[in-house]
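Participant: Taking the UniProt record's numbering, the leading residue of the sequence shown gets 1, the next gets one more, and so forth.
Beta carbons are placed, not taken as given, at the ideal position from N, Cα and C, and that holds for glycine.
From a predicted model like this one, the values you see are computed outputs, not experimental measurements.
Supplied in structure tokens, the structure appears directly below.
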Amino acid sequence: EMRMMMTRLAHASARVSASTLRICARPLSTAVTSGTTGVFPLAPSPLQEFSVVYTDRALNHMSEPFKKVMLDMGNMFKDVYNAEHCVLIPGSGTYGMEAVARQWATNEKVMVIRNGYFSFRWTDIFEWCNIPKEHIVVQAQSLPSTNGVPHHVQYQPCPIDELEEMIAKEKPAVLFAPHVETSTGIILPDNYIQRASAAVHKVGGMMVLDCIASGTVWVDMESLGIDALITAPQKGWTGPACAGVVLLSKRGGEHTRNTKSTSLCCNLGKWLEVMDSYEAGGFSYHTTMPTDALVVARDAMELTRDFGYEKASKHAWALGGAARELMAAKGLISVAAPGFESPGVVVVHHDDGAVAGKFVAAGTQIAAGVPFKLGEHPDTKTFRIGLFGLDKLRDPEQTVANLKKAMDIAVPDEPLAASA
Numbered sequence: 001e002m003r004m005m006m007t008r009l010a011h012a013s014a015r016v017s018a019s020t021l022r023i024c025a026r027p028l029s030t031a032v033t034s035g036t037t038g039v040f041p042l043a044p045s046p047l048q049e050f051s052v053v054y055t056d057r058a059l060n061h062m063s064e065p066f067k068k069v070m071l072d073m074g075n076m077f078k079d080v081y082n083a084e085h086c087v088l089i090p091g092s093g094t095y096g097m098e099a100v101a102r103q104w105a106t107n108e109k110v111m112v113i114r115n116g117y118f119s120f121r122w123t124d125i126f127e128w129c130n131i132p133k134e135h136i137v138v139q140a141q142s143l144p145s146t147n148g149v150p151h152h153v154q155y156q157p158c159p160i161d162e163l164e165e166m167i168a169k170e171k172p173a174v175l176f177a178p179h180v181e182t183s184t185g186i187i188l189p190d191n192y193i194q195r196a197s198a199a200v201h202k203v204g205g206m207m208v209l210d211c212i213a214s215g216t217v218w219v220d221m222e223s224l225g226i227d228a229l230i231t232a233p234q235k236g237w238t239g240p241a242c243a244g245v246v247l248l249s250k251r252g253g254e255h256t257r258n259t260k261s262t263s264l265c266c267n268l269g270k271w272l273e274v275m276d277s278y279e280a281g282g283f284s285y286h287t288t289m290p291t292d293a294l295v296v297a298r299d300a301m302e303l304t305r306d307f308g309y310e311k312a313s314k315h316a317w318a319l320g321g322a323a324r325e326l327m328a329a330k331g332l333i334s335v336a337a338p339g340f341e342s343p344g345v346v347v348v349h350h351d352d353g354a355v356a357g358k359f360v361a362a363g364t365q366i367a368a369g370v371p372f373k374l375g376e377h378p379d380t381k382t383f384r385i386g387l388f389g390l391d392k393l394r395d396p397e398q399t400v401a402n403l404k405k406a407m408d409i410a411v412p413d414e415p416l417a418a419s420a
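The following block contains the structure:
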């Protein structure tokens, strides 16, 4: 019976066609170096894969090519943001946010600058995870409507003088702030960030800046006094969503090593130790890393580096300015007030709740509006334009021309009536 079974298996194997084998051999990851085992000719790892972590089609976290990926990414991140340490956490930007919150804010009194929904996310994280003992929210302030429509109001951050007074009075252990707020398109200018950082440092606190939606508007951590900066690969870095990135100052690194996280997966201190291992020439395992996606992210980062960091920033401001001029020409009101308009996220009032679908019909994906969590008028409706990625930055004029084609279809030249 055993001999008969083996014969049947051999016959079954023979029936597998060459075309099927070719399909199975298609790579599922970015090849960094070729394996020589013959099991999978396009294997990204240079060694035979018999670890308990990955298959032949994935890049092993212990491999020399992946060690280089970790070092390359860390060095580029530290270079552009002027950071002391780089921490990569599998997941997304929000994983980085939660990791910092769990490491630095547990049982502490903290303060959040809320300029919209995605800085409300700090409150969401705190409450879901029961992290700080107290958190104070400093909301963006609305300005009167300028076009006669009551809910077409603009928002600006809390005046810096008021924020400094609140920090001096409340003495938060951590101040959390959004560099660019994705729901409103508000950006905090460098001078605002610098003064906020100085105020919180004066009372012994730490400064955390969420730069996930900053695009290529780079932040110099040292000059602005940032202790932890959070970003991700998928917006300004033109990469795949696969990790949260936390950059730490020297002070931020020391504070991380002297505090304890309340999370296993989102453990900032542990992931800092993982990067320490790679920087020492070794490797470390905490949870399984998205190695192949990080290769793609590293390669995209190198393209941005080669394009030029300063050039990428200048093009971002030029592109954002031109896109905002296009919106204004359509009679659309920016949610972000003058002086606080981000170049990478443009959010405008528009009372047609179906406008996102009209953009789809015009062959363009935009983002519909989301609640601001700022006590806004219930009739508030917006849409959001993201201007991220190296491909848009290479030719700002062409990017705006492409956007205009869609705008001309989705949004009439005449703005909607106030009663709409």
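1. Hey, which unbroken runs of the alpha helix (DSSP H) at 4 residues or more fall wholly within the segment 89-128?
2. Could you please give the first and the last residue of the uninterrupted beta strand (DSSP E) stretch that includes Gln141?
3. Taking 8 Å as the cut-off, decide whether the C-beta atoms of Phe126 and Thr182 are in contact.
4. Could you give the DSSP three-state label for Val400: helix, strand or coil?
5. List, from N- to C-terminal side, the beta strand (DSSP E) runs of 3 residues or more that fit wholly inside the segment 202-261.
6. Could you spell out the range, first to last residue, of the alpha helix (DSSP H) harbouring Arg298?
7. With C-beta atoms as the reference, is Gln156 less than 8 Å away from Gln141?
8. Can the beta-carbon of Val149 be found closer than 8 Å to that of Pro172?
9. Can you check which of these residues, Pro240, Met207, Leu294, is closest to Met70 by C-alpha distance?
10. Opposite Cys86 in the DSSP bridges: which residues?
11. Out of curiosity, what's the CA-to-CA distance linking Gly281 and Thr238?
12. For Leu390, I'd like the list of residues in its chain whose CB is within less than 8 Å of its CB, leaving aside the five on either flank, ordered along the chain.
13. Quick check on the DSSP output: the beta strand (DSSP E) that includes Phe359 runs from which residue to which?
14. Assess contact between the segment 89-101 and the segment 266-278, defined as three or more Cβ pairs (one per stretch) separated by less than 8 Å. Is contact present?
15. Do you know how far the Cα of Pro44 is from the Cα of Leu229?
16. May I ask you to report which of helix, strand or coil DSSP gives His377?
17. What first and last residue would you give for the beta strand (DSSP E) that runs through Pro65?
18. Taking buried to mean at least 16 other C-beta atoms within 10 Å of its own C-beta, is Val335 buried or exposed?
19. Go ahead and pull the three-state DSSP assignment for Glu341.
20. Label Ser223 either buried or exposed according to how many other C-beta atoms from any shown protein chain fall within 10 Å of its C-beta, with 16 as the threshold for buried.
21. Count the other C-beta atoms from every protein chain shown that fall within 10 angstroms of the C-beta of Asp227, then say buried if there are 16 or more, exposed otherwise.
22. Give every residue of the same chain whose Cβ lies closer than 7 Å to the Cβ of Leu59, excluding the five residues on either side of it in the sequence, and list them in chain order.
23. Thinking C-alpha only, which one of Pro371, Ala323, Ala367 is nearest Val400?
24. Nearest to Pro343 by CA position, among Ala362, Ala297, His315, is which residue?
25. Can you tell which of Asn75, Pro412, Val370, Ile333 has its C-alpha closest to the C-alpha of Phe359?
26. Exposed or buried, which one is Asp210 when buried takes at least 16 other CB atoms within 10 Å?
Facilitator: Let me spell this out:
1. 93-104
2. 141-143
3. Contact: no.
4. helix
5. 206-210, 228-231, 243-248
6. Looking at the DSSP string, the run of the alpha helix (DSSP H) that includes Arg298 is 291-307.
7. yes
8. no
9. Leu294
10. Under DSSP, Cys86 takes part in a beta bridge, and its partners are Leu247.
11. 28 Å
12. Thr238, Ala300, Leu303, Thr304, Phe307, Ala312
13. Note, Phe359: premise wrong, no beta strand (DSSP E); alpha helix (DSSP H) at 355-361.
14. yes
15. 32 Å
16. coil
17. Taken as a continuous stretch (DSSP letters only), Pro65 belongs to no beta strand (DSSP E), being part of the alpha helix (DSSP H) at 64-81.
18. Label assigned to Val335: buried.
19. Note: Glu341 maps to strand in three-state DSSP.
20. exposed
21. Buried.
22. Ser29, Val32, Pro44, Ser45, Pro65, Phe66, Thr291, Asp292, Val295
23. Ala323
24. His315
25. Pro412
26. buried
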